[in-house]
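Just so you know, the protein sequences line up as chains A and B, in that order.
Going by our numbering, the residue at position 175 of the first sequence is 531; the numbering climbs one at a time, nothing skipped.
Going by our numbering, the residue at position 134 of the second sequence is 490; the numbering climbs one at a time, nothing skipped.
Backbone N, C-alpha and C define an ideal beta-carbon position, used for all residues, glycine too.
There are 2 protein chains.
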Amino acid sequence: MQPAPDKAPRTQEERTAATRSRLIEATLDLLLSKGYAGTSTVDIAARAGLTRGALAHHFAGKDELVVEAFDKHLTMVTSDIRTYAGLVQGGSLSLSDFIDRVWIIFSGRFFMLTLEEVTAARHNDYLRVRLEKRTRVFHEHLDAIWRHFFAGTGLGALEIEVMLNATLCLLRGMGVQTVLRDDPVYFRRLLRFWKAILKEQIEGATRAASAKTPDPEPHA
Amino acid sequence: MQPAPDKAPRTQEERTAATRSRLIEATLDLLLSKGYAGTSTVDIAARAGLTRGALAHHFAGKDELVVEAFDKHLTMVTSDIRTYAGLVQGGSLSLSDFIDRVWIIFSGRFFMLTLEEVTAARHNDYLRVRLEKRTRVFHEHLDAIWRHFFAGTGLGALEIEVMLNATLCLLRGMGVQTVLRDDPVYFRRLLRFWKAILKEQIEGATRAASAKTPDPEPHA
DNA sequence: CCAGAAACATGCAAGCATGTATGTATGTAT
DNA sequence: ATACATACATACATGCTTGCATGTTTCTGG
């Protein structure tokens, strides 16, 4: 195994950052394709073009790497969802399209990674403690996004949270099913159903809200 | 390790059935407490009060055992849900209580087992092929239960399936969250929200059906 | 330009899981 | 009661993973 010709990382700091990043990416790839238990530190190092020695130098072991990886991909997804929510608020993305995009997230790489990490965490105290903490932060971010997102629909902050969290739970549950059920029609139907529900809820709340205040909107 | 004093299984057939059953139970227990990867055939045999030799005699290996175990616990859950659905139809269980009971299933042993098996199946062709097949059967049974359950609510068969499958997906997604989020209040809220939605949907459909004709078959 | 530190590689020992071969006990048919 | 099949136990060899100890290369500060 040769030193892997880096582009040209001059400073040590850059080298470190680049190497750590490569190891984390390798971890995510392998977690996805071979699962937590199926991934060894040898695999990770090899995929990153390094050896186990290098890995040991940067991370205490597999679990520390997995935590870092979890963190990274939660950050990425938070950012994606925030972007989508912004587009919806700006009017350039429909609610339906928003759901579709989030569904893509929950039926793809991201969700399968969380599935691996969550099941691993069930039997690994080190992982569980750390992933719990990061999950909490993740959900706080999401709730903030929801509140911003649906501000002014006539729904209360708590209702918004519940509704959007229910949406995520639904998509999560569907995501789990995709592993053992390859049936796009089935999933399409569920999405259509849920979109209709959401529309009803939001419209209902909007009507109710505008009926109260002297806003422009005659009631039925 | 002594021969483990069996009660008094005379015939070979009885001995075999008892031993296989013990091994399957041990597998389920360990899958739950230590996960798929964390469970070895040594563990399973020991917990069943046997040795690896006995295990090898009855099952080709861990995976065959896991498939059998999957089958067994799907059967148990199908039976539970069927019972609950029957109680609802008979009027001795409210829709709300029905949801609560199914939620207990999806936040407990059953679902965690599924989670283990599903994630293991993602990287194990032997498992995936077999679990896919059994999952299909499981869902056919569920759909049959749903149709029977909600017969005469004014909803079409497809709508019933979609609605109940959405319910299961929601609970599944919530189940996944329970691993890293210990927050009963949060889950209660989601349940309450969903129960309200279901009630709305069913009442809406019932009204629409009885408003049209005594014949229940509304078209789009 | 030359220590010293950080980054990275290599090698070895120990633990554990599995496959398989072979030995022993328990039932069952004649 | 004897012979055979089935149920179960024991033992060994192999491969894989990890921790650790020890080299070698690459950067950085004086």
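The C-beta distance from A/L430 to A/F494 rounds to 5 Å, short enough to fall under 8 Å. Taking a C-beta cut-off of 8 Å against chain A, the contacting residues of the segment 364-395 of chain B are S389, K390, G391, Y392, A393, G394, listed in chain order. Using a Cβ distance threshold of 8 Å, B/D385 and B/R408 do not count as a contacting pair.
Under the Cβ criterion of 8 Å, A/R545 is counted among the residues facing chain B. Shown here, A/D538 sits in coil according to DSSP, grouped into three states, outside any helix or strand. Between A/V535 and the set A/D453, A/L524, A/L471, A/E381, the nearest pair of CA atoms involves A/L471.
Within its own chain, the residues whose Cβ lies closer than 6 Å to the Cβ of A/R486, once the five positions on either side in sequence are excluded, are V423, listed in chain order.
Counting along the chain, B/A416 sits inside no alpha helix (DSSP H), nor does DSSP assign it H or E at all. In its chain, beyond the 5 residues on either side, L386 have a beta carbon closer than 6 Å to the beta carbon of A/D399. Contact between the segment 521-538 of chain A and the segment 519-535 of chain B is present: 3 or more CB-CB pairs across the two stretches fall below 8 Å.
Taking C-alpha positions only, B/L498 is separated from A/K390 by approximately 31 Å. Assignment of B/R478 by DSSP, reduced to helix, strand and coil, places it in the coil class. At a cut-off of 8 Å between beta carbons, B/H479 contacts chain A. Along the segment 505-522 of chain A, going in chain order, the ones with a CB nearer than 9 Å to a CB of chain B are L514, E515, E517, V518, M519, N521, A522.
Cβ contact annotation for B/I437 (same chain, cutoff 8 Å, sequence separation greater than five): V458, I461, L498, I501, in chain order. For the segment 367-410 of chain A, not one full-length beta strand (DSSP E) segment reaches 3 residues or more. According to the DSSP assignment, A/F462 belongs to the alpha helix (DSSP H) that extends over 451-462. From the beta-carbon of A/W550, the residues of chain B found nearer than 7 Å are A522. Along the segment 449-469 of chain B, the positions whose C-beta sits under 8 Å from a C-beta of chain A are M468, read in chain order. Looking only at A/G508, A/L524, A/F543, A/S435, the smallest Cα-Cα distance to A/E559 is reached by A/G508. Between B/E496 and the set A/R537, A/A476, A/I380, the nearest pair of CA atoms involves A/R537.
Contact note: B/E472 reaches chain A through T475, using a C-beta cutoff of 7 Å and chain order.
The beta carbons of A/L469 and A/L421 sit about 13 Å from each other, so the pair does not count as a contact at 8 Å.
Beta-carbon to beta-carbon, A/L451 and A/L546 are separated by about 16 Å, too far to satisfy the 8 Å threshold. Per DSSP, reduced to three states, the secondary structure at A/F506 is coil, with no helix or strand assignment. When C-beta distances to chain B are compared with 9 Å, the residues of the segment 490-502 of chain A below that value are R490, T491, R492, H495, in chain order. For the pair B/E515 and B/L411, the Cα-to-Cα distance works out to about 46 Å.
The beta carbon of B/R438 does not come within 8 Å of any beta carbon belonging to chain A, so the residue lies off that interface. Non-local C-beta neighbours of A/L511 in its own chain, meaning closer than 6 Å and more than five positions away in sequence, comprise A561, ordered along the chain.
Chain-ordered, the chain A residues with CB closer than 7 Å to the CB of B/E488 read L536. Here B/V518 is buried. Its C-beta has 16 or more other C-beta atoms within 10 Å. By the neighbour-count criterion, in which a residue is buried when 16 or more other Cβ atoms sit within 10 angstroms of its Cβ, B/Q368 is exposed.
Beyond the five residues adjoining it in sequence on each side, A/R465 comes within less than 7 Å, by CB distance, of L388 in the same chain, given in chain order. Look at A/L421: its C-beta is not under 8 Å from any C-beta on chain B. In the structure shown, A/G529 adopts helical secondary structure according to DSSP, grouped into three states.
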